[in-house]
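Note sheet for the following structure.
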Amino acid sequence: MSRPSEDKDLPLGLVFLERMKPLRGIEKAEAYLKWGLEAYKDPKNHEWMTNISPYLSIVSYSSSPPHPSITFKFTVQPIHDNGLGNLHGGCSSTILDVCTSLPLHLISKPGYWQCRTLNVTYLRPAPVGTVVHIKCEVLHAGRNLCALRGEMRAVTEDGREGPLLVVCEHGKANTDPPAEKL
């Protein structure tokens with residue numbers, strides 16, 4: 051993502067968030083993944099997600115109530131290794147933090163949603179080379195708080211969902227002030 055000269059002093063993520071404002075629904079989630087790919091290509095713009103984004107894609111989504119959701123596909127690479135040949139727990143947490151946040155765009159809740167809690171439970175290892183599906187859904191989204199859930203499952207060689215590897219509960223708070231207070 052190239053920066054206009056007036057944005058040079060702002061962090062790249064804030065520039066991106068401003069540019070995303072006119073987008074709605076799945077377009078916002080797709081734009082986020084595309085931004086990660088662009089950052090990956092430019093060694094000066096490497097962010098926390100740059101070694102994850104190239105291996106993450108959207109498989110399907112549903113904006114339908116009561117639980118809008120997005121399912122992602124991710125392939126564990128050697129760079130995601132914990133030193134024992136499996137997906138690093140911190141990498142799993144990062145993936146779930148990001149992926150569980152993106153379904154909020156499907157319901158177009160305004161504001162910036164800040165992570166309050168991220169509870170991750172590791173059930174089974176995901177060896178390097180494993181393809182996983184990450185299903186993320188909005189359980190509840192109010193004016194100020196939301197509850198999200200994510201699960202990471204292995205994908206079998208024939209493309210079916212395999213064992214559950216990691217689950218997460220994600221709570222977020224809308225940190226934008228109400229419009230009447232601006």
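Using the numbering used here, read the sequence shown as starting at 51 and increasing by one per residue.
We put the beta carbon where it would ideally sit given N, CA and C, even for glycine.
key: Identity of the residue in His183, Gly86, Leu214 and Ile120 nearest His155 by Cα   = Ile120
ask   = Who are the Cβ neighbours of Val181 in its own chain at under 6 angstroms, not counting the five residues just before and after it?
value = Thr125 and Val205
N- and C-terminal bounds of the alpha helix (DSSP H) containing Met145 = With the sequence shown as reference, residue 145 is identified as Ile, and Met is not the correct amino acid for it. Element bounds for Ile145: Gly139 to Ser151.
Ser103 and Gly86 closer than 7 angstroms at C-beta = yes
request  = Check whether the Cβ atoms of Thr150 and Cys196 lie closer than 7 angstroms to each other.
outcome  = no
task = Give the secondary structure of His117 by DSSP, where H, G and I count as helix, E and B as strand, and everything else as coil.
result = coil
message = I'd like to confirm the pairing. Which residues does DSSP put opposite Ala223 in its beta bridges?
response = Gln164 and Leu195
request  = Give the DSSP bridge partners of Tyr172, in chain order.
outcome  = Val216
request  = For Glu201, name the three-state secondary structure that DSSP assigns.
outcome  = strand
key: 8 angstroms Cβ shell around Gly212 - same chain, five flanking residues per side excluded   = Arg203, Ala204, Val205 and Thr206
message = If contacts are defined as beta-carbon pairs under 8 angstroms, then Ser143 and Val178 qualify, I think. What distance do you get, rounded to the angstrom?
response = That pair is no contact at about 18 angstroms.
inquiry  = Can you look up Glu187 in the DSSP assignment and give me helix, strand or coil?
reply    = strand
key: N- and C-terminal bounds of the beta strand (DSSP E) containing Leu112   = Strictly speaking, residue 112 in this sequence is Ser, with Leu absent from that position. Run containing Ser112: Leu106 to Ser112, per the beta strand (DSSP E) assignment.
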